[in-house]
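The opening position of the sequence shown corresponds to residue 34 in our numbering, with each subsequent residue numbered one higher.
Backbone N, C-alpha and C define an ideal beta-carbon position, used for all residues, glycine too.
The structure under discussion appears below in the form of structure tokens.
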Amino acid sequence: MSTLRNPLLPGFYPDPSICKKGGDYYLVTSSFEYFPGIPIFHSRDFVHWHQIGHVLTRRSQANLDGLCPSRGIYAATIRYHEKTDTFYVVTTLVGNAPYYDNINFYVTASDPAGPWSDPVIIKGAEGIDPTLVFDGEEVYYLGNRRPNPDIPECESRHIWLQRLDLPTGTLVGERVTLLEHGALYDAVAPEGPHLYHIKDWYYLIIAEGGTDHNHCSTVFRSHSIFGPYECNPRNPLITHRNLKRDYPINSTGHADIVELNDGSWWAVLLASRPDGGDYRNLGRETFAVPMAWEDGWPVFSPQTGCVEFSYPGPDLPECIWEPEPACDHFLTQELGTCWNMLRTPDYETFSLNDRPGFLRLYLNRHTLAEVASPAFIGRRQQHMCFTARTFMEFIPAALGEAAGITMFYNNQFYYSLMLQSTETGVSIVLTRQICGDNTRLYSAPYENDGIYFKIHMRYQSIDFYFSQDGQTWIPAGTTVSGTILNKETAGGFTGTYIALYATADGKESQNHADFDWFEYTGEIN
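And the structure:
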């Protein structure tokens with residue numbers, strides 16, 4: 034029996050949802066303004082997971098243009114419909130207005146690795162965090178947050194159910210309110226509902242308390258899918274709201290459950306790992322806990338009631354996937370699944386074919402400071418301590434052209450180490466962006482066309498380096514703080530990225546930067 038280690042998916046992988054087909058388990062998470070959207074993972078033993086792709090890979094599925102940080106693709110639910118042998122993912126595209134211009138939709142696939150269909154829009158479905166419920170011959174849409182204009186929006190969330198005409202995405206019949214509020218007194222934001230028909234009961238699991246320190250999961254049950262639903266007298270199912278903010282795991286909630294083929298039950302949920310106080314640079318991550326049944330109610334992590342860093346794994350045949358290499362040499366025709374871009378990208382911004390064995394970034398006019406799609410190819414920070422390195426060839430052709438590496442949280446908070454054309458010539462420049470204030474922290478002349486970059490982060494201390502030969506590393510100034518790259522400083526719902534980046538700084542350009550390889554090595558998880 035293997036040991037299950039948490040987080041199951043380290044780094045910015047929040048709002049997990051899970052389903053199974055036979056002996057295969059599939060898991061999706063939120064992706065917000067990053068593209069491709071909704072990463073999807075596969076496991077056969079529930080312990081070892083590997084990413085098999087993304088659900089949203091085309092502009093026709095989701096247009097993220099112009100969306101502010103932490104808008105875009107919110108919590109998705111994945112379900113397998115055995116009758117039609119089809120996988121469904123239902124989700125919300127959240128616009129820039131305060132949650133009122135949302136689009137709820139679902140996509141389908143016969144193979145969860147894709148391709149996934151174009152969206153079917155669910156007409157008249159406001160709110161976020163939807164679920165599809167297949168119950169016998171009926172299909173239902175489970176939603177939340179029906180706005181009431183007469184009271185504060187955060188207090189007006191209902192959990193509601195309505196029949197769905199699946200082919201057309203039309204809600205039909207009466208909309209039934211299952212819950213008018215959560216289980217906990219004065220708890221805000223009942224959301225993330227999932228509904229399960231298990232034996233003689235319908236179980237409704239929701240998140241409440243907001244996706245921060247007061248986060249939790251609660252459960253209700255009914256003999257009828259339409260209710261009334263009774264509240265578990267032992268709610269919440271899981272929470273760390275009663276623990277200190279610097280407890281090693283906090284903000285637990287937003288759970289989905291699954292029965293494995295050995296008869297055991299497990300829940301996947303989100304949580305965060307603070308560092309240096311209450312800083313959570315890695316964002317909200319995916320964790321898993323065992324589940325038991327007692328008196329007809331689910332019990333999460335039954336031995337301790339808390340989310341732990343490890344558990345004895347389920348009694349399933351071990352299935353270990355080949356690990357992803359630490360170094361990407363860009364030898365394939367497509368980017369690896371770990372890479373993301375900002376918003377809906379112009380695929381002409383990069384190429385793996387124009388110079389085989391290199392990732393070529395074509396400079397465009399956008400910068401990281403804009404709500405736009407700059408020439409940006411990034412991967413999640415997944416460890417509190419890590420080293421990232423790359424080698425780049427680039428010749429700036431006009432004033433302001435720059436290319437290099439960035440640690441990025443959003444357009445208001447980031448660091449970038451760039452080879453840049455400045456008023457005094459080509460220089461290596463380290464800048465820090467805080468709330469629109471861009472500060473040059475280091476600048477030095479640089480004459481070669483090729484340059485190595487390195488980032489070394491140890492908890493909240495970040496050191497940037499550059500080198501001409503990859504052996505002798507020159508510090509780009511002094512150690513800087515990682516505390517600007519997290520929710521506590523920058524807000525939002527995402528996590529930190531390490532990215533390759535190029536810009537013409539507001540101008541049109543035909544220039545490009547070539548990256549030979551990129552290496553990411555986690556030291557402490």
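Can you say whether residue i is buried or exposed, counting buried as having 16 or more other CB atoms within 10 angstroms of its CB?
i: E381; result: exposed
i: P69; result: buried
i: E434; result: buried
i: Q415; result: buried
i: Q366; result: exposed
i: M34; result: exposed
i: L364; result: exposed
i: N373; result: buried
i: T464; result: buried
i: R254; result: buried
i: V205; result: exposed
i: D162; result: buried
With distances taken Cα to Cα, identify the nearest neighbour of residue i among the options.
i: E159; options: T124, V166, L375; result: T124
i: A431; options: G539, N314, N471; result: G539
i: V322; options: V127, N135, P335; result: P335
i: S460; options: N471, A436, T472, Y447; result: A436
i: R317; options: P347, T285, G338; result: T285
i: Y67; options: H87, Y58, R77, H83; result: H87
i: F424; options: A408, M451, D295, F253; result: M451
i: Q493; options: A222, M417, Y479, T511; result: M417
i: T512; options: I488, Y534, A532, T505; result: I488
i: P378; options: S93, P269, D118, I136; result: S93
i: Q466; options: T439, E456, I484; result: T439
i: G128; options: F446, A477, L89, L97; result: L97
i: I410; options: F551, E327, I271; result: F551
i: S103; options: L126, L197, T455, P269; result: L126
In angstroms, rounded to a whole number, what distance separates the CA positions of residue i and residue j?
i: T319; j: A359; result: 21 Å
i: F419; j: L474; result: 22 Å
i: H287; j: H227; result: 9 Å
i: S343; j: G458; result: 53 Å
i: P145; j: K53; result: 11 Å
i: R393; j: N265; result: 55 Å
i: E341; j: N39; result: 7 Å
i: Y59; j: R422; result: 32 Å
i: T562; j: P407; result: Past the edges of the chain, shown from 34 to 558, lies residue 562, and the structure says nothing about it.
i: H191; j: T337; result: 31 Å
i: F138; j: P223; result: 21 Å
i: E186; j: M490; result: Any reading at E186 needs caution, since the residue's pLDDT is 49, under 50, leaving its predicted position unreliable; the model's value is listed next. Taking the straight line from one Cα to the other gives about 40 Å.
i: G469; j: F499; result: 26 Å
i: R77; j: Y479; result: 50 Å
i: Y46; j: K520; result: 14 Å
i: V172; j: G55; result: 21 Å
i: L42; j: E170; result: 35 Å
i: H11; j: S476; result: Missing from the structure shown is residue 11; the chain here goes from 34 to 558 and no further.
i: T272; j: G44; result: 20 Å
i: N444; j: A535; result: 15 Å
i: T90; j: E207; result: 35 Å
i: G147; j: N481; result: 43 Å
i: L385; j: D549; result: 10 Å
i: Y235; j: S257; result: 7 Å
i: V61; j: H545; result: 34 Å
Please check the pair residue i and residue j, which I expect to be a contact at CB under 8 Å, by giving their CB distance rounded to whole angstroms.
i: A509; j: F526; result: Not quite, the Cβ-Cβ distance comes to about 30 Å (not below 8 Å), so this is no contact.
i: L237; j: L276; result: The pair is not a contact, with the Cβ atoms about 26 Å apart (cut-off 8 Å).
i: G225; j: A108; result: 6 Å
i: V153; j: G99; result: Contact flag wrong, Cβ pair sits at about 24 Å.
Closer than 7 Å by C-beta to residue i: which residues in its own chain qualify, once you throw out the five before and the five after it? Chain order, please.
i: G310; result: D279
i: P345; result: M34, T36
i: Y218; result: none
i: M324; result: I290, W298, W299, A300, P331, V332, F333
i: E351; result: S35, D78
i: F167; result: R112, H114
So, at 8 Å on beta carbons, what are the nonlocal neighbours of residue i in its own chain, with the 5 sequence-adjacent residues on each side left out?
i: V209; result: W193, L194, Q195, F259, G260
i: R274; result: G242, H246, N247, H248, C249
i: P307; result: R278, D279, Y280, P281, N283, R313
i: R388; result: D547
Heavy atom of the ligand FMN less than 7 Å from the Cβ of residue i, yes or no?
i: T141; result: Judged by which ligands are present, the structure shown has none, so any question about the ligand FMN falls away.
Near residue i, what residues of its chain come up, given a Cβ to Cβ distance below 6 Å and the 5 sequence neighbours on each side ignored?
i: C371; result: R412
i: A537; result: L396, R398, E434
i: T110; result: S50, V123, T164
i: Y442; result: L518, A523, T529
i: S64; result: G70, I71, I106
i: A142; result: F120, W149
i: A220; result: E241, G242
i: L199; result: V172
i: N268; result: A216, T251
Within 8 Å (strictly less), CB to CB, does residue i reach chain E?
i: T319; result: Given the protein chain composition of this structure (a single chain), no chain E is represented.
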